[in-house]
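These protein sequence lines map, in sequence, to chains A, B and C. Count along the first sequence starting at 1, add 229, and that's the number in the numbering used here. Count along the second sequence starting at 1, add 370, and that's the number in the numbering used here. Count along the third sequence starting at 1, add 657, and that's the number in the numbering used here. The beta carbon of each residue, even a glycine, is placed where N, CA and C say it ideally should be. Predicted model only: the values in this text are computed from it and were never measured. In what follows, a structure is listed as C-alpha cells, so that the remarks can point back to it.
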Amino acid sequence: MSDKHISMQSVRKTYRFFTLDDLTLELEPGQIIGFVGPNGAGKSTTIRLALGLIAPDAGEIRVLGHEIPRDQALAKREIGFVSDTMRLLPQATLGWHMKFVASIYPGWDDAYAASLVKCFNLRTEQNVRSLSSGEHVKATLLLALARRPKLLILDEPTSGLDPVARHEIISEFMDVLRDDSRSILFSSHNTVDVERISDRITFIDRGRLVESDDKERFLDRWRRIRLQLPPGTDEPRLPHVVGRSVDGQFVTLTIDGYSDELLAPFGAHVREVQRMNLEEIFVATVMHHREVRGQ
Amino acid sequence: MYSGIHISQTDERPMYLQILEQIRQRIAAGDWPAGKELPSIRALAAGLAVSVITVKRAYLDLESEGVIVTRHGKGSFVADVNGLAGELQEERLTEHLTAAAQLARGLGLTDDDLAARLRRAKRDLEKK
Amino acid sequence: MNTVTRKLIAKELYVNRLFIVCASIAGIVSVLLCTTSKVGFNVGALIWISTIVAVGVMLALYGIMNERKENSLLFVMSLPLSIPDYVRAKQLGLAACFAVPWLISSAAALIFVLAHPGAPDGLLPYLVLLCVFLFSNYSLVLCGALHARSEAVTSAVVIVTNMAVTLFMFLLGGLDEINKYMWGPTPVWNHTFWAVLAAELATLALAFALPWFFAARRRDFI
Chain A
230 MSDKHISMQS VRKTYRFFTL DDLTLELEPG QIIGFVGPNG AGKSTTIRLA
280 LGLIAPDAGE IRVLGHEIPR DQALAKREIG FVSDTMRLLP QATLGWHMKF
330 VASIYPGWDD AYAASLVKCF NLRTEQNVRS LSSGEHVKAT LLLALARRPK
380 LLILDEPTSG LDPVARHEII SEFMDVLRDD SRSILFSSHN TVDVERISDR
430 ITFIDRGRLV ESDDKERFLD RWRRIRLQLP PGTDEPRLPH VVGRSVDGQF
480 VTLTIDGYSD ELLAPFGAHV REVQRMNLEE IFVATVMHHR EVRGQ
Chain B
371 MYSGIHISQT DERPMYLQIL EQIRQRIAAG DWPAGKELPS IRALAAGLAV
421 SVITVKRAYL DLESEGVIVT RHGKGSFVAD VNGLAGELQE ERLTEHLTAA
471 AQLARGLGLT DDDLAARLRR AKRDLEKK
Chain C
658 MNTVTRKLIA KELYVNRLFI VCASIAGIVS VLLCTTSKVG FNVGALIWIS
708 TIVAVGVMLA LYGIMNERKE NSLLFVMSLP LSIPDYVRAK QLGLAACFAV
758 PWLISSAAAL IFVLAHPGAP DGLLPYLVLL CVFLFSNYSL VLCGALHARS
808 EAVTSAVVIV TNMAVTLFMF LLGGLDEINK YMWGPTPVWN HTFWAVLAAE
858 LATLALAFAL PWFFAARRRD FI
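This is the structure:
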C-alpha cells in the first residue's frame, strides 16, 4: 500500500449538482494510467482531490505515501502537475518562471531545461502573456519536467495542440518512463494517445468509476462481430454481449469478454471479427453502463 | 524516436504484434544477429512512445517462441538458434510432455489416445 | 516560514513592482507639491491620500482576484505548499507590497510637517493617526479579499473601505481633543491620540489574524 504512487480508496466528493462517488484509483511506480471520461465526468475533480486542493467528503487518499490533503506540501515536492486550464503568472517571463521553480525544487536540471526550451521552440525572454495556448502548455510542461518529478499528473496536456506539438510533448513525457520509479497519470480526451501510451486505463462517467483494467486486456476483451443469419437460423446465444444491432440478415454484436472459443460453434455464420479501438470501447462501455444504471 | 521500428495505430493488427513482427523480421534477416542485446523494455517503450506493457507483451511472446532469450537482471538477447534457445526450448518441451503424460495417466488415457490428442493439437495450431 | 512561502512573498513584490514604484514616486511628488503653495498643498494632499488608497485597492483586486481569474492560482497551488502556507504568503506578500509605498509616502509627509515652516508641528498626531489608519484600512481590504469568493464581494469591501477614509478624516478632525492642538506649533500626544491609535492597531491585528483562522482553514480551495 505504501509503495503506490497514488492510492484513492472509496473517495466521495459531493457538490450541489454533481457527486463523485466510490472512486478507487491506484497508480504503481513505473506505470502510466490513462484516465478517460466524458466532460463533467469528474476527471478534474479527481485530480484536484489527488493534489489536496479540495478535500474528500469520504474515503482515503495517499499520494507518494503522504496523507492527502494534510501533507500535500510534502507530496507536491515530487509531483509535476500540468493542466490545460493552468496559466503561469502573466507579469513575468518564462525565464523568470524557470529561475523561480529552480529555486524551489532541488531536483531542477538546468541542462535538461535548456534543451527543452530549444526542443519546444520557446524563448526564455518571452513574457508569458504573449504565449499562445499551445506554447503555454509546453512551458508548463517544461517547468514540470525539468525538475524530474516522481509523479507526473497531466490533465489534458495535449488539448489545443497541433499534431507536431502533440508528438513532441508525448515523446518528452514518455521519456519519464525510462525510470521505473516514476509514474504518470494521464487524463485526456485524446483516446488515440491514451490507447498508445497507457499501461492501465480507467474509465469514469458521471462521477463513478466505470471500468479499470490493463490496456492490453481491454483491447483483447472487446470485439465487434458480424454474423450473417439466413432466415430460419436462430441467433446464437453468446455471452458477454453488450450491444446488438440488426440489419436484415446481418447482426452486429459488441462483445466484452471475447475469446476465440466463443465463436467456435458458430463458425459458419461469422462474417467478420473486428478489434475495437479505445474510443469505440470507451463509448460502448459508457453507453452500456448508463443503460444498466437506468440513465 | 527509435529509428526503424514503426507502430501504426491505424493498422488492424495490435501494437504488440507489430513490434513483435518487426523484431522477428530483423532477426530473420540477420540485421539483428544472434547474441545481440535487445533494447531494454523501458528504453524501447520510451523510444517508440508506446506503453511499457505493450513492449513487455511483445518480448514475452518472442521469448515463448524461442526467438529471444531473457536473462533475469541482464536483459534480452537474440536467441542463438543453434545453441541456448534451442536447449531452453528442448527443456520446456520435456517439461510439458511430462506434465501431459501425468495428466493422461490421471484421465486413464492410453498411449494411442494421448498420441491422437497431440496430433489434433498440432493440426489446430496449423489451422490458425 | 518555509522556502516556498518566502519565495512567494518575493514573487509578490516582483510581480507588483510597477505599482510599488509608481505609487512611491507619486507619494514623494505629492508631498513636494504640498510645499509650493496653499493650492499646491490641497492638491498635493489629495493626491497623497488618493495614491495610497489606490495602491491598496489595486493590490487587493489584482493581487488576489486576478490570480484566481487568470488561473495562475492553479500554478501556485501546484507548488509544494499547503493552503495555510498560501494564505500566509499572499497576506504577507501583499502587505509588504503596500508597506513600501506607504512607508515612503508616510515618511515624506512626516518630514514635510517637521521640516517645512509653513506646516505646524501640531499636525503630527493627526498625520500619524491618518497614516496608521490607511494601513489598517488596507489590512481590512486584504482580509476581505482573502475571504471573499467572488469579485462582487471584494469590490464591495473595497468601496466601503474607500468611503471609510473620508469618513475617518472628517470624524478625526471633528474630535475636540485632536482639533484643539492641530494647528499649534507643538505636537500634543494626549489620551485621545493613544486611544485612537490603539483602536487602529487592534483593527490591524484582527485583520491580520482573521485569515489565519478562516481562510487558512478552508478545505476546498479551488
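Own chain, CB closer than 8 Å to residue i, minus 5 neighbours either side, in chain order
i	result
ARG241(A)	THR248, LEU249, ASP250, ASP251, LEU252, PRO285, ASP286, ALA287 and GLY288
MET230(A)	Residue placement at MET230(A) is flagged as unreliable, the pLDDT there being 46, under the threshold of 50; the coordinate-derived value follows with that caveat. Answer for MET230(A): SER236 and ARG291, listed in chain order.
ASN819(C)	VAL710 and VAL714
THR353(A)	THR322, LEU323, GLY324, MET327 and VAL346
Cutoff 8 Å: residue i Cβ touching any chain C Cβ
i	result
MET315(A)	yes
LEU282(A)	yes
LEU293(A)	no
GLN457(A)	no
LEU527(A)	There is no way to answer for residue 527(A), as the model of chain A reaches only from 230 to 524.
ILE235(A)	no
ILE333(A)	yes
Cutoff 7 Å; reference residue i; Cβ partners in own chain excluding five residues on either side
i	result
GLY701(C)	SER687, VAL688, LEU690 and CYS691
LEU458(A)	GLU464, GLN478, VAL480 and HIS498
HIS295(A)	LEU303 and ALA304
Any C-beta of chain A under 8 Å from that of residue i
i	result
ALA413(B)	yes
VAL672(C)	yes
GLU391(B)	no
GLU382(B)	yes
VAL420(B)	yes
LYS747(C)	no
PHE732(C)	yes
THR843(C)	no
VAL661(C)	yes
ARG806(C)	no
ALA864(C)	no
Beta-bridge partners of residue i, as assigned by DSSP
i	result
PHE264(A)	SER416(A) and THR431(A)
GLY336(A)	Paired residue(s): none; GLY336(A) is not in a bridge.
HIS295(A)	VAL292(A)
ASP476(A)	PHE479(A)
TRP451(A)	ASP485(A)
LYS242(A)	LEU249(A)
THR662(C)	Partner(s): none; THR662(C) has no beta bridge.
ALA287(A)	ARG241(A)
GLY309(A)	LEU381(A)
GLU407(B)	PHE447(B)
LEU456(A)	VAL480(A) and VAL499(A)
ARG441(B)	GLY445(B)
SER236(A)	GLU255(A) and ARG291(A)
Interface residues of chain A facing residue i [CB-CB closer than 7 Å]
i	result
ILE423(B)	ASP428, ASP443, LYS444 and GLU445
ARG427(B)	GLU445
ASP742(C)	ALA302
Endpoints, the beta strand (DSSP E) within which residue i is located
i	result
ASP531(A)	In the structure displayed, chain A extends from 230 to 524; residue 531(A) sits before or after that span and is not available.
LEU381(A)	380-384
ASP250(A)	248-256
ARG504(A)	499-504
PHE511(A)	Where PHE511(A) is concerned, there is no enclosing beta strand (DSSP E), although the alpha helix (DSSP H) it sits in stretches over 507-521.
VAL405(A)	Per DSSP, VAL405(A) belongs to no beta strand (DSSP E) and is neither H nor E.
Within chain B, partners of residue i - CB distance below 8 Å
i	result
ILE399(A)	ALA419
CB contact check: residue i to chain B, cutoff 8 Å
i	result
GLU424(A)	yes
ILE261(A)	yes
LEU371(A)	no
Extent of the continuous alpha helix (DSSP H) to which residue i belongs
i	result
TRP886(C)	Lying outside 658 to 879, the shown extent of chain C, residue 886(C) is not represented and no answer is given.
VAL789(C)	781-804
CYS732(C)	Reading the sequence as shown, one finds Phe at residue 732(C) and not Cys. Taken as a continuous stretch (DSSP letters only), the alpha helix (DSSP H) holding PHE732(C) covers 729-734.
Proximal residues of chain A, C-beta to C-beta of residue i below 8 Å
i	result
GLN379(B)	VAL421, GLU424, ARG425 and ASN506
ASN681(C)	Note that residue 681(C) corresponds to Ser in the displayed sequence, not to Asn. Within 8 Å Cβ-Cβ: nothing; SER681(C) doesn't reach chain A, min ~18 Å.
Cut-off 6 Å between Cβ atoms - residues of its own chain near residue i, not counting five sequence neighbours on either side
i	result
SER793(C)	GLU857, THR860 and LEU861
GLU501(A)	ARG455
ASP742(C)	THR662
HIS517(A)	VAL471
Per-residue contacts from residue i into chain A (C-beta, under 9 Å)
i	result
ALA416(B)	SER400, MET403, ASP404, VAL405, LEU406 and ARG407
Chain-ordered chain B contacts of residue i [CB-CB under 7 Å]
i	result
LEU448(A)	PRO384
Beta-carbon neighbours of residue i, restricted to chain C and to distances below 8 Å
i	result
PHE329(A)	LYS664 and LYS668
Neighbouring residues, chain C, relative to residue i (Cβ below 7 Å)
i	result
LYS305(A)	SER735, LEU736 and PRO737
PHE310(A)	SER735
GLN320(A)	VAL672
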